[in-house]
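Presented below is the structure to which this report refers.
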Amino acid sequence: MAAASGQRIRHYINRDIPEGLKHTWAAITAGALTKEQSAIIFPQAQPVEAFVVSLGDTSIKPIKAPESPPSIRPTVAAIDTELLGYKADLNAYRRLRW
Numbered sequence: 004m005a006a007a008s009g010q011r012i013r014h015y016i017n018r019d020i021p022e023g024l025k026h027t028w029a030a031i032t033a034g035a036l037t038k039e040q041s042a043i044i045f046p047q048a049q050p051v052e053a054f055v056v057s058l059g060d061t062s063i064k065p066i067k068a069p070e071s072p073p074s075i076r077p078t079v080a081a082i083d084t085e086l087l088g089y090k091a092d093l094n095a096y097r098r099l100r101w
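Using my numbering, read the sequence shown as starting at 4 and increasing by one per residue.
If you want it as structure tokens, here you go:
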């Protein structure tokens, strides 16, 4: 997880992560992890697919089992969202590629 956010920072600043960005790197990683874990702990309600099976005068309504919870590892989208919040810190270290 820290490696993934570090990779996104390296892509943004186009060089190795300097010592001055270590705390920013940790904050981005913690923010992405917090965002992903809160989605696991408090999932949004999803519509449940239900259908009716009838046989004669009896009908049964089975419900589709819920899917497995998402992984704990933050997604690239969560890391990118956190990265945008720290653009001011990252821009000071950014270099253009030629």
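Ideal placement from N, C-alpha and C gives every residue a C-beta, glycine not left out. Given the structure is predicted, the values throughout are model-derived calculations rather than measurements.
What does residue i pair with, by DSSP beta-bridge criteria?
| i | result |
| --- | --- |
| residue 56 | 63 |
Assign residue i to one of three DSSP states: helix, strand, or coil.
| i | result |
| --- | --- |
| residue 20 | coil |
| residue 95 | coil |
| residue 15 | helix |
| residue 37 | helix |
| residue 102 | As displayed, the chain neither begins before 4 nor continues past 101, which places residue 102 out of reach and without an answer. |
To the nearest whole angstrom, what separates the beta carbons of residue i and residue j, a pair I think is in contact under 8 Å?
| i | j | result |
| --- | --- | --- |
| residue 81 | residue 39 | 5 Å |
| residue 8 | residue 28 | 6 Å |
| residue 11 | residue 19 | Going by Cβ atoms, the distance from residue 11 to residue 19 rounds to 14 Å, so no, they are not a contact pair. |
| residue 89 | residue 30 | 7 Å |
Distance, Cα to Cα, residue i vs residue j?
| i | j | result |
| --- | --- | --- |
| residue 63 | residue 79 | 42 Å |
| residue 93 | residue 43 | 29 Å |
| residue 17 | residue 26 | 18 Å |
| residue 98 | residue 45 | 39 Å |
| residue 55 | residue 84 | 42 Å |
Might you give, ordered along the chain, the residues of its own chain that have their beta carbon closer than 7 Å to the beta carbon of residue i, omitting 5 neighbours on each side?
| i | result |
| --- | --- |
| residue 57 | none |
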